[in-house]
Amino acid sequence: MAFTTALLDANVLHPMVLCDLLIRLAQRGLYRALWTREILAEVVATILRRRPDLSVELLRKRTAAMQAALQDATVEGYEPLVPTLHELGADAHVVAAAVFGQADVIVTSNIRDFPERVLDPYGIAALPPDDFLIQQWWVDPVAVAETLVQQARGTTRPPLTPDDVLTRLRFMAPSFVKLVRASAEYRSALKSRT
């Protein structure tokens with residue numbers, strides 16, 4: 012089953028190569044991406060913890076570029092739902108935004124933080140990025156393969172080849188990377204350099 016609306020948790024937005032791919036796939040119309048200002052602030056805070064050499068200004072420019080790329084992605088008005096999900100603690104805002112934004116799925120690296128018993132009544136699933144990207148592949152493998160090649164071509168600092176993009180993705184989406192590398196669609200996209 013392909014999910015059409017996905018709330019992207021902060022932990023899938025701070026790895027740049029994964030964030031870039033998720034945004035590009037949404038721009039291509041494979042799914043509708045959602046996030047909140049709180050999630051974007053968490054992205055900035057997480058990156059700063061890991062890379063204190065980066066400036067807040069630079070990271071705010073990054074999140075501003077993300078918002079400009081997907082202008083309808085920011086969910087607002089979900090805050091009244093947060094107290095009803097108190098058992099989720101710090102992740103209540105993520106589920107509240109998913110419910111309010113009518114998401115089918117929450118894409119997260121921390122599946123255990125989103126128990127099925129909480130999500131099922133809302134018709135929402137939690138998927139790791141590997142599973143979500145595989146689903147996007149089966150929606151339109153040609154579009155995903157072309158997007159990966161375009162992503163590499165559009166990455167200049169540092170310059171990346173399509174194989175470099177997949178190598179960086181393999182830690183977050185190993186099965187997806189294996190599927191792509193074995194596919195005729197990817198080989199075709201490499202030849203055409205769309």
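Residue numbers for the sequence shown, in our numbering: 12 to 205. Note that CB positions come from ideal geometry on N, CA and C, so glycine has one too.
Considering only the beta carbon of each residue, do residue i and residue j sit closer than 8 Å?
i, j, result
"Val218", "Leu18", "Here the chain has residues from 12 to 205 only, and residue 218 is not among them."
"Ala156", "Ser120", "no"
"Pro140", "Ala184", "yes"
"Gln161", "Tyr42", "no"
"Ile135", "Val150", "no"
"Thr16", "Gln113", "yes"
"Asp102", "Phe125", "yes"
Quick one: measure Cβ to Cβ for residue i and residue j, integer angstroms, because I've assumed they're closer than 8 Å.
i, j, result
"Val67", "Val54", "With 8 Å as the limit, Val67 and Val54 do not qualify as a contact, their Cβ atoms being about 12 Å apart."
"Leu33", "Ala21", "In fact, because the Cβ distance is near 12 Å, the residues do not count as touching under 8 Å."
"Val191", "Leu159", "7 Å"
"Gln144", "Phe187", "Sequence check: residue 144 is Leu here, not Gln. About 4 Å separates the two Cβ atoms, so the contact holds."
Who pairs with residue i in a beta bridge, going by DSSP?
i, result
"Val116", "Ala17 and Ala136"
"Ala44", "Ala17"
"Thr167", "Pro170"
"Thr85", "Trp46"
Taking 8 Å as the limit between beta carbons, can you name the residues of its chain near residue i, skipping five residues before and five after?
i, result
"Phe111", "Val86, Gly88, Tyr89 and Leu92"
"Leu6", "Any question about residue 6 goes unanswered here, given that the chain covers just 12 to 205."
"His97", "Ala103"
"Glu196", "Pro152, Val153, Val155 and Ala156"
"Leu59", "Leu65, Val67 and Leu70"
Output needed for residue i: all residues of its chain with C-beta closer than 7 Å, excluding positions within five of it in sequence on either side, in chain order.
i, result
"Arg179", "Val28"
Regarding residue i and the ligand MN, is the C-beta to nearest heavy atom distance less than 7 Å?
i, result
"Leu19", "Because no ligand of any kind appears in the structure shown, any question about the ligand MN cannot be addressed here."
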